[in-house]
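For the record, in the sequence shown the residue sitting at position 244 is 256 according to my numbering, with numbers rising by one throughout. Shown next, in structure tokens, is the structure this report addresses.
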Amino acid sequence: MIAPVQNRVPCGPQVGAPPSLEQIPVDRLAVDPTYQRATDSPASRRIIVGMVKRWDWSLCQPLVVSRRSDGSLLILDGQHRHAGAIERGDIHFLPCVILSALGLEGEAKTFVELNTKRQRLTQAEVFHGMLAAGDPQAKAVADLIAQTGWTVRKGSNTAAYKAGDLECAPMLVKVYAFKGEAPVQFALTALRAAYPDTPVRQSATLLKALVDVFDTMLDDPLPTTKLIAAIGAVQPDTWISRGIIHRESFPAMSHIAAIAATMVAAAKGQEPPSARPLPTKATPVAPVAAPRTAPTPAPAPKPATLAPAPRPRAATKKLATVFGTSGKGWCEQCDQLVSREKARACTDRFCTARADA
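Given below as structure tokens:
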């Protein structure tokens, strides 16, 4: 028998009946659109497509399901797993935690609580999990973080940050995987040198901007010492506001690209957009008659400031659609396996599978 915990919080009542854990055929599970979200958004499709391409049972937690009085089984949590299993076609049962006698209102309430009362992992917790799993790219980024004088902070309270603390290591792993070591090392080195004694609570945003600066410097070299001095001349949050103001002139730019542009301008000694006074609304003044004189020539218009030309992106290699012996092939447009019959009948003019069907 387990000994009772001393000085514990007084127990409240238990609510509802204990659930059962069962293996349920996937074709018996359904979704009630009254409260469930759709799974056709780009984010949902990415999750489902990932399961179709690679199903990992170690990541398949039991679905939470409601058994109604008529025997029907409605998914409260886990519809992406269910959709992935259905789309694959080779998974016939899913583990389910079955709740009974909830009613429609109880189902909707449980659905909301399941999706709002979860505690999300912090970025630092995600990163330490990647390290524990032996992720080689996470290990490489951890080495760069240590070499450049940063520390991955485990807490998410940015108000308690000290100089050299950062939390955005998983973002750096993505940049490392996509762009390699050099831009990550450059960004970490420059930002740490610019603020040796100042906490940087916007480290993720500023590091992304410095990765953009690195790309710019490949075509337009700039002394790193000047860049570091220019960045450190103002507080970290100043770059956020400068980027916002710069985007008012160039709304097509992303916030990250706008911050990068203001950093480069400051390093070159140019007037940053945020330093220019914003126009103020003038107070109306009664007109005063002036003596008639010869007209003064209008001043020449100032040359328009052009937004920096976007860097060309590498062409994306198109994947071929192949129909195997199963009669199904991968369609890039639909992001799913499709049969030849479905591909031939597709009316979407962008369909990539119809031509090979």
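Quick reminder that beta carbons are idealized off the backbone N, C-alpha and C, glycines included.
Please confirm whether residue i and residue j have their CB atoms less than 8 Å apart.
i	j	result
Ile60	Leu106	no
Ala206	Ile243	yes
Ala175	Thr210	yes
Leu126	Asp89	yes
Thr160	Thr201	yes
Leu86	Ala42	yes
Thr6	Ala120	The first residue shown for the chain is 13 and the last is 369, placing residue 6 beyond what the model contains.
Met275	Val225	yes
Leu219	Ala199	yes
Gly154	Leu143	Rather than Gly, the amino acid found at residue 154 in this sequence is Ala. Contact flag set, yes.
Ile257	Thr217	no
Thr128	Gln91	no
Pro30	Val109	no
Arg254	His267	no
Whole-angstrom Cβ separation of residue i and residue j, contact assumed at under 8 Å?
i	j	result
Val21	His104	Between His104 and Val21 the Cβ distance is about 44 Å, and since that is not below 8 Å, they are no contact.
Ser215	Leu239	That pair is no contact at about 17 Å.
Arg93	Cys72	6 Å
Cys180	Gln131	Contact flag wrong, Cβ pair sits at about 19 Å.
Under the criterion of a Cβ to heavy atom distance below 7 Å, does residue i qualify as lining the ligand COA?
i	result
Arg49	Looking at this structure, you won't find the ligand COA or any other ligand, since it has none at all.
Buried or exposed: residue i, going by 16 or more other Cβ atoms within 10 Å of its Cβ?
i	result
Val185	buried
Glu283	exposed
Leu203	buried
Gln248	The question names Gln, yet the displayed sequence has Pro at residue 248. Pro248 comes out buried.
Val77	buried
Leu33	exposed
Pro54	exposed
Arg288	Note that Arg288 has pLDDT 47, beneath the 50 cutoff, so the model's placement of it is unreliable and the number below is only indicative. Classification of Arg288: exposed, given that the 10 Å Cβ count is below 16.
Val223	buried
Ala150	buried
Ala221	buried
Ala171	exposed
Val162	Residue identity differs from the one stated: residue 162 is Trp in this sequence, not Val. Under this definition Trp162 is a buried residue.
Trp5	Residue 5 is absent from the model: the chain starts at 13 and stops at 369.
Ala355	buried
Using only CA atoms, which one of the options lies nearest to residue i?
i	options	result
Gly62	Glu99, Asp44, Pro74	Glu99
Asp147	Pro25, Ala189, Leu219	Ala189
Ala278	Thr236, Met265, Glu260	Thr236
Val169	Gly161, Ser32, Arg213, Lys354	Per the sequence presented here, residue 169 reads as Asn, with Val not at that position. The shortest Cα separation from Asn169 among Gly161, Ser32, Arg213, Lys354 belongs to Arg213.
Ser84	Leu111, Lys65, Ser70	Leu111
Ala113	Gln131, Met183, Arg80	Arg80
Val138	Thr128, Arg165, Phe123	Arg165
Lys280	Leu234, Ile268, Glu260, Ala264	Leu234
Ala152	Trp69, Glu193, Ala50, Arg130	Glu193
Leu133	Gly101, Pro182, Trp162	Pro182
Lys65	Gln48, Arg49, Ala97, Arg40	Ala97
Thr228	Ala264, Met265, Ala269	Ala269
Val27	Gly118, Gly167, Val187, Thr250	Gly118
Trp67	Ala145, Trp162, Asp102	Asp102
Arg40	Val124, Thr250, Asp82	Asp82
Between which two residues does the alpha helix (DSSP H) carrying residue i extend?
i	result
Glu34	Note, Glu34: premise wrong, no alpha helix (DSSP H); beta strand (DSSP E) at 32-37.
Pro148	148-159
Phe226	215-231
Ser112	It is not in any alpha helix (DSSP H) - Ser112 instead sits in the beta strand (DSSP E) that spans 105-112.
Pro263	From DSSP, Pro263 is part of no alpha helix (DSSP H); its letter is neither H nor E.
Ala175	Here Ala175 belongs to no alpha helix (DSSP H), and DSSP marks it neither H nor E.
Val138	135-144
Gly28	Segment: none, Gly28 is in no alpha helix (DSSP H) and carries neither H nor E.
Leu234	Here Leu234 belongs to no alpha helix (DSSP H), and DSSP marks it neither H nor E.
Leu126	115-128
Gly62	54-65
Ala355	352-357
Thr274	267-279
List the endpoints of the continuous beta strand (DSSP E) containing residue i.
i	result
Leu184	Premise fails: Leu184 lies in the alpha helix (DSSP H), 181-191, not in any beta strand (DSSP E).
Ser78	75-79
Asp89	85-89
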